[in-house]
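What follows is a single structure, written as structure tokens, with notes after it.
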Amino acid sequence: MSDAVRQWIAAAKHLVVLTGAGMSAESGVPTFRDALAGLWAKFSPEELATEQAFRADPQRVWDWYVSRREAVAAVQPNAGHAALAAFQSRHSGRFALITQNVDGLHQRAGSVHTIALHGALSEDRWLDSARACCTADSIEPGRPPRCSVCGNLRRPSVVWFGEQLPAPELGAAEDAAQHCDLMLVVGTSGVVYPAAGLVLSAHQHNARVVMINPEPTELDRVADACLRQPAAVCLPSLLRA
Ligand SMILES: [Zn+2]
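Per our numbering, the sequence shown starts with residue 83, numbered consecutively.
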């Protein structure tokens, strides 16, 4: 099966790779729920990852994200991330990477132009629409940082529960899914929107779909091949020069 997939990769005019939490877990990034341990065990995701929670207690939510940033800073991209970055450097004209992960491990491994559907843990932005006073110079450090003029808060630049995905990224991802002839779906069960929609979109536009995941997934039924391996094992083997 891997040999066939290798041939499909070699022949693909537009290859899209869609990655999810399984890839990060292989690097030791705690899943959202696993991270709700220790000091944070008494909170639910809704108490830490919604706009409402942030407005109610900005310091608590900011501190939670600081702890998540620290957890991510302590781990390294794995061989799967590295294989994708190396492949992109050789085949940039026919390659697009879409990720549901916010940890920045693809970028740290060297991937560029990554379509990050759920934002970036390492970045923050204004909570309310930026006013004229809200500039990089007006940011006053704190938990969270705020505009020294109007008090507008900085918030993590990730998609919280109940929020829309960023339209430019979602549009770019849908465009890539519709125009690829091969999609590799790595480390995601595919039940969470928008992964399922992107995979079905590629499938409906006659792309081959390859699922790379240690466990069976909901999307296996539309897959042309299912490789039940961790990304850090499978991707270096599939994508080597
Ligand atoms: Zn301001």
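Quick reminder that beta carbons are idealized off the backbone N, C-alpha and C, glycines included.
- Where do the N-terminal and C-terminal ends of the alpha helix (DSSP H) with Ser-204 fall, by residue? Run containing Ser-204: none in the alpha helix (DSSP H); it sits in the beta strand (DSSP E), 201-208.
- Just the C-alpha distance for Pro-112 and Asp-185, rounded to the nearest angstrom, thanks. 10 angstroms
- Query: Can we say the region 149-158 touches the region 101-115, given the rule of at least three CB pairs closer than 8 angstroms?
  - Reply: Counting Cβ pairs under 8 angstroms, three or more are found: they touch.
- Message: Within the continuous alpha helix (DSSP H) that includes Pro-318, where are the two ends?
- Response: 313-321
- Item | Between the CA atoms of Ile-197 and Ala-255 - distance to the nearest angstrom | 7 angstroms
- Just how far apart, CA to CA, sit Pro-276 and Ser-283? Their backbone Cα atoms lie some 10 angstroms apart in a straight line.
- Check whether the Cβ atoms of Pro-312 and Arg-237 lie closer than 9 angstroms to each other. No. Outside cutoff.
- Please name the residue in Ala-164, Glu-222 and Gln-134 whose C-alpha comes closest to that of Ala-106. Residue 106 is actually Ser in this sequence, not Ala. Looking at the Cα atoms, Ala-164 is the closest of the given residues.
- Message: Judging by CA-CA distance, which residue of Val-194, Phe-169, Gly-162 and Leu-118 is the nearest neighbour of Val-143?
- Response: Closest in C-alpha terms to Val-143, from the list Val-194, Phe-169, Gly-162 and Leu-118, comes Leu-118.
- Message: For the region 245-255 against the region 198-206, do three or more pairs of beta-carbon atoms, one drawn from each stretch, fall closer than 8 angstroms, so that the two count as touching?
- Response: Pairwise C-beta distances place the region 245-255 in contact with the region 198-206, as three or more of them are shorter than 8 angstroms.
- For Leu-301 and Gly-272, the rounded distance between their alpha carbons: 6 angstroms
- Message: Let's see if you can read the secondary structure: which residues bound the beta strand (DSSP E) around Arg-290?
- Response: Per DSSP, Arg-290 is one residue of the beta strand (DSSP E) stretching across 290-294.
- Span of the beta strand (DSSP E) around Phe-169: Not the beta strand (DSSP E): Phe-169 falls in the alpha helix (DSSP H), residues 161-172.
- Could you please go through the chain and list the residues whose beta-carbon is closer than 6 angstroms to any non-hydrogen atom of ligand 1? Arg-213, Cys-215, Cys-216, Ser-220, Cys-229, Val-231, Cys-232 and Asn-234
- Message: Restricting to runs no shorter than 3 residues, where is the beta strand (DSSP E) found entirely within the region 172-246?
- Response: 177-181, 201-208 and 236-240
- Message: At the level of alpha carbons, what is the spacing between Trp-146 and Lys-95?
- Response: Near 42 angstroms, if we compare the C-alpha coordinates of Lys-95 and Trp-146.
- Task: Measure the beta-carbon distance from Val-268 to Val-99 and round it to whole angstroms, keeping in mind my assumption that it falls under 8 angstroms.
- Result: 6 angstroms
- Message: Which residues does DSSP list as the beta-bridge partners of Ala-307?
- Response: Val-292
- Message: Give me the residue from Phe-243, Ala-86, Cys-216 and Val-241 with the minimum Cα distance to Ser-230.
- Response: Comparing Cα positions, the closest option is Cys-216.
- Message: Given a cut-off of 9 angstroms on the beta-carbon distance, is the pair Ala-243 and Thr-132 in contact?
- Response: Correcting the residue identity first, residue 243 is Phe in this sequence and not Ala. A distance below 9 angstroms separates the beta carbons of Phe-243 and Thr-132.
- Task: Could you check which residue in Thr-270, Pro-227 and Ala-278 has the C-alpha nearest to that of Leu-252?
- Result: Ala-278
- Would Ala-161 pass as a contact of Pro-296 if the rule is Cβ separation under 9 angstroms? no
- Does the Cβ of Arg-303 have 16 or more other Cβ atoms within 10 Å, making it buried, or fewer, making it exposed? exposed
- Query: For Ser-84, is the classification buried or exposed, using 16 other Cβ atoms within 10 angstroms of its Cβ as the cut-off for buried?
  - Reply: exposed
- Task: Please state whether DSSP places Leu-266 in a helix, a strand or coil.
- Result: strand
- CB of Leu-321 within 9 angstroms of CB of Ile-91, strictly: yes
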